[in-house]
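Below: one structure, written as structure tokens.
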Amino acid sequence: MSNWSAFVSYFAKTRILQVNPNQPDDENIQIAAHIIRDGGLVAFPTETVYGLGANALDGDALDRIYQAKERPASDPIIAHIAHIDQLHQLAIHVPLHLVTPLAERFWPGALTLVLHRAPHVPPNIATGLNTIAVRMPAHPIARALIIASGVPIAAPSANTFTRPSATTAQHVLEDLQDRVDVVLDGGETTIGLESTVLDLTNPQTPMILRPGGVLLDELRAILPNVQLAPRYLKTDEVTSSPGQMLKHYSPRAKIKLFAGPLYSMLLAMKETAQLHINKGEKVGLLIANEDCHHLASCGIIQPLGKRDDLKTISHNLFAGMRYLDSQKVDVILTRDFGRSGLGAALWDRLLRAAEGRVIDVQ
40 MSNWSAFVSY FAKTRILQVN PNQPDDENIQ IAAHIIRDGG LVAFPTETVY GLGANALDGD
100 ALDRIYQAKE RPASDPIIAH IAHIDQLHQL AIHVPLHLVT PLAERFWPGA LTLVLHRAPH
160 VPPNIATGLN TIAVRMPAHP IARALIIASG VPIAAPSANT FTRPSATTAQ HVLEDLQDRV
220 DVVLDGGETT IGLESTVLDL TNPQTPMILR PGGVLLDELR AILPNVQLAP RYLKTDEVTS
280 SPGQMLKHYS PRAKIKLFAG PLYSMLLAMK ETAQLHINKG EKVGLLIANE DCHHLASCGI
340 IQPLGKRDDL KTISHNLFAG MRYLDSQKVD VILTRDFGRS GLGAALWDRL LRAAEGRVID
400 VQ
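Structure (structure tokens):
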């Protein structure tokens, strides 16, 4: 172990370094880059959520990510790059006729591509499969860290496994205090939901494995035959994409997810909240701003945004879950916000947070 690793070891107390996202501080970025190169862990903001980063080419460092997150070895990790040349460090048999227009349109940004893994890349980044998930983030701090490190950075979301993703440095500390060497605090993330994952291992049948910040219709402008094909797996089932487990993004409180016509949902939520209150339980509600007056006195209300503003609702979702957990609620009631556009990603996260259970009030 180098002198630098002795200074900031994997088991040392976590350090928090403030970084201006508009002008990433060179000194703090260099500190974090040294840690990455020496096999340590750095949490850093991306435009989607905070990532828990390690050298993507260091198998031991990748193992530390799994240990810190308590993440099963069946759940792969996305590798983050700063330049397109780094893609060819990680992947082989790249279908350039698809990747080139996708990269020109969506990179840097919230799109992850699943490709064939290069043989020298440690297999534990991809649960032993011959695939690898790669993204080029847009966040200035993420890009500065990758460039300064000189290596691709593997980074799942910076939270313990199955918990809601971290969208602030404080969320990272809630889950990973003293499990990560440094947290680069760049403020709140802008999107708040994870990237879209697009599987290109079979170029004839591109598949969206995880809906996210890049929408189905946007991808169809380039790939007319792309299909939405998320999976809902047990934790021991191996997959080529993160975010495929049935239980994921879950607060500590039990989630009850309602679907159906709007006012039928609100009425059912009101009745359900009263049943829990009558049992002496503390109720939380994750709802749209306009829903609040329908559900007054039904518990602790966390409004996420206006009904027609799915971008704001998505941005606030995980922070809202964490806030209600901090209020020690026993159950969280939430609802379907629509399943087109960004609603597909919202529904995916809510469905997994509820472990697949839906109260349909059609």
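Just so you know, we're using this note's numbering here: the sequence shown kicks off at 40 and counts up by one.
Every residue gets a Cβ at the ideal spot worked out from N, C-alpha and C, and that includes glycine.
Small disclaimer: the values here were computed from a predicted structure and weren't measured.
With a cutoff of 8 Å on beta-carbon distance, THR373 and ASP220 are scored as not near each other. For GLY79 against ASN163, the beta-carbon gap comes to about 17 Å, at or over 8 Å, which does not count as contact. In the structure shown, HIS155 falls within a strand segment according to DSSP collapsed to helix, strand and coil.
For ASP102, the uninterrupted alpha helix (DSSP H) segment begins and ends at 98-108. Burial check for ARG388: the Cβ neighbour count within 10 Å reaches 16 or more, so the residue is buried. With fewer than 16 neighbouring CB atoms inside 10 Å of its own CB, LEU135 falls in the exposed class. In the DSSP assignment, VAL138 falls outside any beta strand (DSSP E) and within the unbroken alpha helix (DSSP H) covering 135-145. ASN355 has its alpha-carbon roughly 10 Å from the corresponding atom of THR228. The DSSP-derived three-state label of LYS295 is strand. In this chain, the alpha helix (DSSP H) harbouring GLY382 covers 382-392.
Per DSSP, ALA312 is one residue of the alpha helix (DSSP H) stretching across 301-317. DSSP, reduced to helix, strand and coil, places ASP238 within a strand of the structure shown.
For the set LEU96, LEU91, THR87 and PRO63, the Cα lying nearest the Cα of ARG76 is the one of LEU96. Secondary structure remark: continuous alpha helix (DSSP H) runs of at least 4 residues inside the stretch 51-99, in chain order: 65-76. HIS178 sits buried, since 16 or more C-beta atoms from the chains shown fall within 10 Å of its C-beta. Nearest Cα to GLN266 within the set SER196, GLY92, PRO245 and GLN125: PRO245.
When the beta-carbon positions are compared, ALA121 and ILE185 come within less than 8 Å of each other.
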